[in-house]
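Undergrad:
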Amino acid sequence: MQIQAASIGEAIPRDNFDAVIHNVFDTAANLCLVDKNRLITLLVSDQNELPQGIRITQRTASLQSLTVGLVAACRAGVLRFESSPLTVDLRSAPVWECHISELNVDMKSASSVQSWSRVWQMLNSRQKLSKAEIVADDLFQRNAGSLLSQKISRPVLQLISSTGQFEIEKSIEAAGKMIGLGPGVTPAGDDLLIGFLAGLWSISGKFQGRRSFIHSLGIRLMGVAEQTNLISRTYLYHAVHGQFSSSLTNLAQAIALGSENLQDMADAAMRVGHSSGMDSVTGLLIGLCIRNTELSPA
Amino acid sequence: MANSQRMIKNLYRDSVSLMQFSEKLRALDGIQQASAVMATENNISLLVEAGLLATIVPPSPNDLLIVVEGEDDSSVGAALDQAEAMLKQKSAETGEGGVRRVPPRSIEMGLESMPAANFALISTPGEYAAAEARKAIQLGLNVMIFSDSVSMEEEIPLKQYAREHDLLVMGPDCGTAIINGIPLGFANVVRRGDIGVVAASGTGLQQVTSLIDRFGGGITQAIGTGGHDLKSEVGGITMLQGIGALTADPSTKIILLVSKPPSPDVMKNVLEMADQSGKPVVVDFIGADPASITSDSITGVRTLEDAAKASVNLSQGKASGEFTGNLPDQYINVAKECAAKLNARQKYIRGLFSGGTFCYETLLLLSETLGIIYSNTPIKQEHKLEDVWKSREHTAIDLGDDLFTQGRPHPMIDFRLRNERILDEAADPNTALILLDVVLGYGSNMDPAGELIPAIQEAQKIAAQAGRSVVFVGSVCGTDGDPQNLSRQEALLRDVGVILTESNAQAARLAAAIVNGRV
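Residue numbers (the working numbering), protein chains in the order written: chain A, 20 to 317; chain B, 979 to 1497.
1) Skipping 5 residues on each side, what residues in its chain have a beta carbon closer than 7 Å to that of B/P1268?
2) Rounding to the nearest angstrom, what Cα-Cα distance links B/G1163 and B/G1149 in this structure?
3) At a CB distance below 8 Å, what residues from the stretch 1227-1244 of chain B approach chain A? Give them in sequence order.
4) Opposite B/E1047 in the DSSP bridges: which residues?
5) Contact criterion: CB-CB distance below 8 Å. Does B/T1072 meet it with respect to chain A?
6) Report the option in B/I1034, B/G1204, B/L1006 and B/V1244 whose CA atom is closest to the CA atom of B/V1054.
7) I think B/F1097 touches B/L1119, with their Cβ atoms under 8 Å apart; what is that distance to the nearest whole Å?
8) Terminal residues of the continuous beta strand (DSSP E) containing A/A99?
9) For a cutoff of 8 Å on Cβ pairs, would you count B/Y1106 as touching chain A?
10) Anything in chain E within Cβ reach of A/L167, meaning under 7 Å, just list it in chain order.
11) Quick one: what does DSSP say B/K1362 is sitting in, helix, strand or coil?
12) Can you list the residues of chain A that B/N981 reaches, using a CB-CB cut of under 8 Å?
13) Please say whether B/T1225 and B/D1172 have beta carbons closer to each other than 8 Å?
14) Please classify A/P316: is it buried, with 16 or more other beta-carbons within 10 angstroms of its beta-carbon, or exposed?
15) What is the DSSP secondary structure of B/V1259, reduced to helix, strand or coil?
16) Starting from the beta carbon of A/S295, find every residue of chain B whose beta carbon is closer than 8 Å, and list them in chain order.
17) Taking all protein chains shown into account, decide if B/A1489 is buried (16 or more other Cβ within 10 angstroms of its Cβ) or exposed.
18) At what residues does the alpha helix (DSSP H) containing A/F232 begin and finish?
19) Which two residues bound the contiguous beta strand (DSSP E) that contains A/H41?
20) Between B/L1218 and B/M1251, which are expected to be in contact by the criterion C-beta below 8 Å, what is the C-beta distance as a whole number of angstroms?
21) Might you give, ordered along the chain, the residues of its own chain that have their beta carbon closer than 6 Å to the beta carbon of B/K1319, omitting 5 neighbours on each side?
22) Just mark A/K196 as buried or exposed, buried being the case when its beta carbon has 16 or more other beta carbons within 10 Å.
23) Ignore the nearest five residues each way along the sequence and tell me which others in B/K1257's own chain have a CB closer than 8 Å to its CB.
24) In this structure, what does DSSP give as the bridge partners for B/V1147?
25) In chain B, which residues lie less than 7 Å from A/P206 when you measure between Cβ atoms?
26) So, does the stretch 67-74 of chain A touch the stretch 82-92 of chain A, judging by three or more C-beta pairs under 8 Å?
27) Just to confirm, are B/L1136 and A/G203 a CB contact at a threshold of 8 Å?
28) Please return the same chain residues whose Cβ sits closer than 6 Å to the Cβ of B/V1045, not counting the five positions on each side in sequence.
29) Could you confirm whether any beta carbon from chain A is found closer than 8 Å to the beta carbon of B/N1494?
30) Reducing DSSP to helix, strand and coil, say where A/N67 ends up.
31) Quick one, which of B/E1090, B/S1210 and B/L1189 has its alpha-carbon nearest B/D1134's?
32) Grouping DSSP H, G and I as helix and E and B as strand, with all else coil, what is A/R94?
33) Would you say A/F36 reaches chain B, if we count a Cβ-Cβ gap shorter than 8 Å as a contact?
34) Can B/G1153 be considered in contact with the ligand NAP, in the sense that its beta carbon sits closer than 7 Å to one or more heavy atoms?
35) Please list, in chain order, the chain B residues whose beta carbon lies closer than 9 Å to that of A/P202.
36) Take A/S320 as the anchor and find which of A/S299, A/H293 and A/M284 has the nearest alpha-carbon.
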């Protein structure tokens, strides 16, 4: 069965590549690029994009013929899988690019602040309703919420402070306490960090100081990222390069613009996974609020 | 209270699944707490802090850590066993990683795994074959197109393009070739020698190569051209390239060409090139007058058998030979005995062929002595059967014709249609003789005799019940090196009374002699 990819993310190799099927979920399969130690994701979705994603639509595909450990190969733009009839044609698929670093969200603007507040309320309501282990409000209160919330609260506060001061070492120390922490295939701490980076990129604008800091933080973060699993590490890898999912990017954009469809964007971002989406949105909202002591537009 | 943990390697579950999984564990008898998380350093530390894990265990972030707390060791152990079983049951796909090469699924991938390859065999539905062939040629490969249903409009530019790049396109609809000793498609295991063959006919090529082997010779290369190649529009591109290749090949001492008569312009070019090869050339343009072909360097022959015999004679340093077309002596008495068994109404031959060229050669040979032979593929259109499912007078049917193969395998593989027809012919009081071909080799049925014998015996029974006997005559195309083994197949068929000759041409002549009641 040859199907046409609906889109491919900017991080998908354009040349021939070989990969091993790393894991298969109902609507996504991760392929580990040989010699690169990072994943690309074959994603069944009508709209969600990933920087490392090859998106195929709900109507055309099933991933159940893919087997973990078997190999995949892309030649001349056609991706084929060992022992599977599935073949994905990437050749004419449009390339999706994440432009979060160009958003230049101004958190002093009334509309952005208002949008941020609405999303924060939605987020907390949803987290409480779904009995999520992390509730955003709890992170800012002493000994509130679950053990996980309490454990992650301190590094989050440290990260906010050290990032505001452009302090790499303390930021990395905080991130190190978050990475790989929490349930799920992408642990909550990782999701929160990814969202936090999305927030930082969204407000980086033309401020050279912020961009330099994110760059330096990213390099160090990838060293610490060895503490988590490959799926999470791949998301972190793209996050430090300013590449995020479309759902998170769209929400950041909606906050930047004060969009009417803010609620839809927030819903879409929070719906990802069991709690991953909510954790990422928590990180995004926190990252958007970082106030730096010294800002100098480049 | 007891607790314990287990690590499951390289196992990934989405968050929802892991939550549900943990809940299932907690619901087990004697279990108070359970958690399934990725075994990261921070998670391990959290579990220790929560009292679920007694001590720090080494982190392993890509593995799943299951921790269970229960009433006693036995409930905890049972829960962990059950947890692992549940995960593994759902995870038949779990593998240990490692990189293996993906089996090639495109020509480019095939070439990547075998960079020295210079040849691709294309066997796809016809509509895709030309595109795949072009890809192969562009990658610098010679091509054999096994697929049929490729139009001449596609074939011509493909062959021209390949020729410009000094590459060969065999086909489309090239069912047989032997390249560097490797049988391709429907082909036989033939001794290697010094005879190079270029043929526009699949079963024609199989017959000449098998007979060369039978007569003690061997081949260098057997190149198929496809059936359209010698038409004026294509210009015999592959045949001419094949002659050129065999001319340049020092191992090839004799060149043998097989085809239905080409278009006159193509024939002229082919014969000119053959003449210029500097090597003895044997030509069977099936149906053409051998005298119109023969020259100092070219021996024209009438049958595939003669072509093989002449080639072997030349290969052995003898003269090509004289071919009279007479029935060999050993069959004269056989013909008389068989003719004596027929009653007055039994006048007709019913030829049921799986090889198109065998049918065509039979039509030519029978018509020389018996006149009109009806067929689905007649020599003259006025002798085309109106109803191909019903024979009339002398009839020879090519069961490999598209008409019969739609929705079913080729009759060299699937004998059902031929067997049904054998019974129909046996039930016809006018049938004197059923003439058969049997084709061995790669691609063909692995036990053709075994397929045919029940039908032959049933046919003999039908005829006997009507107070008649039907004669079965045939030939087996193949070699003892074939997977089916020529000697064994012939012995099995002879055991049930089939009279076998060495070649298709001899079988046709014997059949004609029997129904004529004369030799």
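Where is the CB? At the ideal position from N, CA and C, for every residue including glycine.
TA: To lay it out plainly:
1) G1278, V1279 and R1280
2) 12 Å
3) none
4) B/N981 and B/Q1011
5) Unreliable placement is indicated for B/T1072, whose pLDDT of 38 sits below 50; the coordinate value is still reported in the next sentence. Taking a beta-carbon distance threshold of 8 Å, B/T1072 counts as an interface residue toward chain A.
6) Minimum Cα-Cα distance from B/V1054 among the listed residues B/I1034, B/G1204, B/L1006 and B/V1244 corresponds to B/L1006.
7) About 6 Å separates the CB atoms of B/F1097 and B/L1119; that is less than 8 Å, so the two are in contact.
8) The question names Ala, yet the displayed sequence has Arg at residue 99 of chain A. Looking at the DSSP string, the run of the beta strand (DSSP E) that includes A/R99 is V97 to F100.
9) no
10) Judged by its chain identifiers, the structure shown contains no chain E, and its protein chains are A and B.
11) strand
12) In chain order: nothing, as chain A lies at least about 16 Å away.
13) Not in contact: B/D1172 and B/T1225 (Cβ atoms no closer than 8 Å).
14) Here A/P316 scores only 39 on pLDDT, less than 50, and its place in the model should not be relied on; the value that follows carries that caveat. That one is exposed.
15) Correct three-state label for B/V1259: strand.
16) Per Cβ cutoff of 8 Å: S993.
17) Burial is judged here by how many other beta carbons sit within 10 angstroms of a residue's own beta carbon; B/A1489 has at least 16 and is buried.
18) In this chain, the alpha helix (DSSP H) harbouring A/F232 covers Q227 to V243.
19) F36 to V43
20) 6 Å
21) S1447
22) buried
23) L1224, T1225, T1230, K1231, I1232, I1233 and S1275
24) Partner(s): B/V1121.
25) The answer, in chain order, is M1016, T1018 and N1021.
26) no
27) No; because the gap between Cβ atoms is not below 8 Å, this pair is not in contact.
28) Q983, S1013, L1025, L1030 and L1031
29) no
30) In the structure shown, A/N67 sits in coil (DSSP, three-state: anything other than H, G, I, E or B).
31) Rather than Asp, the amino acid found at residue 1134 of chain B in this sequence is Ile. The shortest Cα separation from B/I1134 among B/E1090, B/S1210 and B/L1189 belongs to B/S1210.
32) strand
33) no
34) You won't find the ligand NAP in this model; it holds no ligand whatsoever.
35) S993, L996, M997, S1000, S1013, A1014, V1015, M1016 and N1021
36) As shown, chain A starts at 20 and ends at 317. That puts residue 320 of chain A outside it, with no answer to give.
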